[in-house]
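Residue numbers (UniProt numbering): 1 to 136.
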């Protein structure tokens with residue numbers, strides 16, 4: 001699936017993902033700034049992945065882990081700092097959410113700072129759930 005909007009290309013084509021670009025993008029995050037390259041590669045291999053490209057440079061990345069029937073976890077959503085605040089985040093989330101593989105599943109994510117972005121994309125806060133986490 002691919003969408004070309006103005007000079008930006010939104011795609012789910014893994015062959016267009018630049019592993020080093022993803023590594024550099026994730027270094028800009030608070031949640032994955034120290035994630036090793038080999039772990040990033042493994043997560044890409046085992047996820048449905050999305051990227052944004054501008055002038056043949058990857059400027060965005062996200063991945064989805066899903067059973068393709070009930071739940072889809074949207075994760076590692078990141079856009080290069082230079083392109084934030086331009087509306088690309090909203091377009092990217094909508095592109096991902098409408099992907100045919102996951103559009104009929106409950107899409108789940110967690111965020112610390114981008115809540116307003118996701119609310120604009122029709123995500124709802126579910127206060128009656130508790131978020132539990134077990135690290136390796």
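Cβ coordinates follow ideal geometry from the N, Cα and C atoms, glycine included.
Look at the beta carbons and you see the region 67-74 not touching the region 17-24: under three pairs across the two are nearer than 8 Å. The region 46-66 and the region 74-83 touch, with three or more beta-carbon pairs separated by less than 8 Å. The Cβ atoms of residue 89 and residue 79 sit closer than 8 Å to each other.
If you look at residue 44, you'll find it in the alpha helix (DSSP H) that goes 37-45.
Using a 10 angstroms sphere on the CB of residue 51, the tally of other CB atoms reaches 16 or more, which defines it as buried. Counting along the chain, the unbroken beta strand (DSSP E) around residue 73 starts and ends at 71-79. For the 8 Å CB-CB criterion, residue 54 and residue 16 do not form a contact.
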